[in-house]
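In the working numbering, the protein residues as written are -2 to 225.
To start, the structure itself, in structure tokens.
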Ligand SMILES: Nc1ncnc2c1ncn2[C@@H]1O[C@H](COP(=O)(O)OP(=O)(O)O)[C@@H](O)[C@H]1O
Ligand SMILES: [Mg+2]
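Next comes the structure, spelled out in structure tokens:
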């Protein structure tokens, strides 16, 4: 589903150059739950942003469902991102003026869908993350865990085959983090591919596979003994 071929990303130039990723190659199967760990600054977010078509590699290729995403023009890449990727972030990134339901529905409305069908799907997703009773609340009226559940519902709204989460539990207590992890893991039951960056070794151990980043390199690639 996701293939990286010798991907490097360097920020800045000359003596100020930062080698955020160095020659990373990895293939991630459709439907797998992959966790990414590593020290702060080791390149985890850079890796996720490149997979999510939000950045450009300095060299190398990234294929999503067989398509070289940085070989596409900007419009095609934007469409691919919209149709293929759901993002979940550490600080939720909900729009503060919209209700939970409106936040979830927004991507569908922006892509021209409208009416009751969008509301029905957004409501069903809020139910699935256990927040039906909070549909008309604004983010500031929700706890951190609730905001993250809204963000997961939002990420699933366009039914993307790939879900990327960058330290989604980093701002939550550990019990809330576990429930967020269960929701993300559950998303793979629909053949969705989930890549989760986390600092928490206990959460990371629940991946089918764990990638460890160190100084921009893929330092370890371990498959879970629990995975079939
Ligand atoms: N936009 C940027 N400009 C310059 N340096 C950056 C930028 N983004 C990340 N970096 C640097 O790249 C390295 C990897 O960063 P990042 O991928 O965010 O690491 P992690 O998510 O593992 O903490 C770090 O040294 C960071 O300072
Ligand atoms: Mg990061």
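C-beta atoms are modelled at their ideal positions from N, C-alpha and C, and glycine is treated no differently.
I'd like the list of long-range same chain contacts for residue i, defined as Cβ closer than 8 Å, with 5 residues on each side in sequence excluded.
i	result
residue 98	116, 119, 120, 123, 132, 133
residue 126	146, 147, 149, 150, 180
residue 68	58
residue 9	15
residue 198	34
residue 64	77
residue 96	132, 133, 134, 135
Cβ atoms of residue j and residue i: under 8 Å apart, would you say?
i	j	result
residue 109	residue 78	no
residue 216	residue 207	no
residue 62	residue 81	yes
residue 186	residue 205	no
residue 144	residue 157	no
residue 191	residue 33	no
residue 142	residue 176	yes
residue 247	residue 211	With the chain covering -2 to 225 only, the question about residue 247 has no answer from this structure.
residue 188	residue 28	yes
residue 139	residue 174	no
Report all residues from its chain with a CB closer than 6 Å to the CB of residue i; omit the five preceding and five following residues, and keep chain order.
i	result
residue 213	16, 17, 18, 19, 40
residue 42	163
residue 218	208
residue 104	154, 155
residue 184	160, 191
residue 7	14, 16, 55
Give me the Cβ distance between residue i and residue j, rounded to the nearest whole Å; I'm assuming they're in contact under 8 Å.
i	j	result
residue 159	residue 59	About 12 Å separates the two Cβ atoms, so there is no contact after all.
residue 30	residue 182	6 Å
residue 66	residue 76	That belief does not hold up - the Cβ atoms of residue 66 and residue 76 are roughly 11 Å apart, past 8 Å.
residue 100	residue 92	6 Å
residue 242	residue 54	With the chain running from -2 to 225 in the structure shown, residue 242 is simply not present.
Within a Cβ cutoff of 7 Å, which residues of the same chain sit near residue i, ignoring the five residues on either side of it in sequence?
i	result
residue 152	83, 84, 85, 160
residue 225	Low confidence applies to residue 225: its pLDDT is 47, below 50, so where it sits in the model is not reliable enough to give any reading.
residue 26	-2
residue 11	none
residue 202	none
residue 195	32, 34, 164, 166, 201
Which runs of the beta strand (DSSP E), 3 residues or longer, sit entirely within the segment 32 to 89? 56 to 61, 82 to 86
With three or more C-beta pairs closer than 8 Å as the rule, is the segment 2 to 9 touching the segment 20 to 27? yes
Along the chain, which unbroken stretches of the alpha helix (DSSP H) at least 4 residues long are found entirely within the segment 141 to 182? 141 to 153
Contact between the segment 80 to 92 and the segment 163 to 172: three or more CB pairs below 8 Å? yes
Alpha helix (DSSP H) runs contained entirely in the segment 103 to 148, provided each spans 4 or more residues: 112 to 125
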